[in-house]
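For reference, the structure discussed in these notes is given below.
Residue numbers (the numbering used here): 432 to 679.
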């Protein structure tokens, strides 16, 4: 899903082909959804083809797609993705055919570009943590999902006093926040320092009885933003590779 969406620009004609060539070259992860079903997964453009004056992009076919699609009259797909500049896009289109474990999908007539820099949110790598201090007390957030603009997670190791302090007077701004990914660089976990964050929302999950927090990144230095972006896209590509290995 996307956060903070605003003005929408339509991309049409030759600009669509140019955009799709860039997506193919960069192996940009695409979030695909089979409309009128619960089927959803990450994929990428394997090839671009032109047949009878119509452009197609090709993606890998998996048997679980057929299971989800069998009861549907028409196969229409919705795709969402974010480019390296963190600008978000979406489009809908139709599947033309499935051949040799490849799905042929027609180029859309229009791709929607969200001009405000929203944030593409994904499930976080297992073990991702965010640490922050309130009145010299260290809080530990187990991150559930993440975007380039914030996180949603569950506070762990929370004492009753810590919980009361957080609920009674949550700080307007958190400073000196550390976001730690399990992805390793030079045999050490990857760490991103965030100068300022804000707690946007906190609640007790009624099913799990755990304390959830949504945190927005308010200020981050250019080098740390670049590091976070690199890690984010590295993880997306790693996730795609694992899906290709384990799905048939």
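Virtual Cβ for every residue (Gly too), placed ideally from N, Cα, C.
- The residues 572, 574, 582 and 610, in chain order, have a CB closer than 6 Å to that of residue 561 in the same chain once the five nearest residues on each side in sequence are set aside.
- Bridge partners of residue 482 according to DSSP: 485.
- Taking every protein chain shown into account, the CB of residue 566 has fewer than 16 other CB atoms within 10 angstroms, so this residue is exposed.
- Judged by DSSP secondary structure, residue 596 falls within the alpha helix (DSSP H) whose first and last residues are 591–599.
- Each residue's CA atom was taken as its position, placing residue 491 and residue 480 some 14 Å apart.
- Cβ atoms of residue 522 and residue 462 stay farther apart than 8 Å, at about 12 Å.
- Distance from residue 631 to residue 646 at the Cβ level is roughly 7 Å; contact confirmed, criterion being Cβ atoms closer than 8 Å.
- Here residue 605 is actually not in contact with residue 644; their C-beta atoms are around 10 Å apart, not less than 8 Å.
- Where residue 462 is concerned, the enclosing beta strand (DSSP E) starts and stops at 461–465.
- Counting every other CB atom within 10 Å of its CB across the protein chains shown gives residue 477 a total below 16, marking it as exposed.
- The beta carbon of residue 537 sits closer than 7 Å to the beta carbons of 485, 487, 524, 525 and 527 from its chain, once the five residues preceding and following it are set aside; these are given in chain order.
- Under the 10 Å beta carbon count, residue 459 is surrounded by 16 or more other beta carbons and is classified as buried.
- Of the candidates 532, 541 and 534, the residue whose Cα lies closest to the Cα of residue 448 is 541.
- Looking at the DSSP output, residue 446 sits in no beta bridge, so it has no partner there.
- Taking the CA atoms as reference points, residue 535 sits about 21 Å from residue 442.
- In its chain, beyond the 5 residues on either side, 562 have a beta carbon closer than 7 Å to the beta carbon of residue 569.
- By the neighbour-count criterion, in which 16 or more other beta carbons inside 10 Å mark a residue as buried, residue 659 falls on the buried side.
- A distance of 9 Å or more separates the beta carbons of residue 533 and residue 473.
- By the criterion of a C-beta distance shorter than 8 Å, residue 508 is surrounded in its chain by 463, 464, 465, 466, 523, 524, 525, 526 and 536, once the five residues flanking it on both sides are discounted.
- Rounded to whole angstroms, residue 512 and residue 499 show a C-alpha spacing of 22 Å.
- Around the C-beta of residue 584, 16 or more other C-beta atoms lie within 10 Å, and the residue is accordingly described as buried.
- A straight-line Cα-Cα distance of about 30 Å links residue 599 and residue 557.
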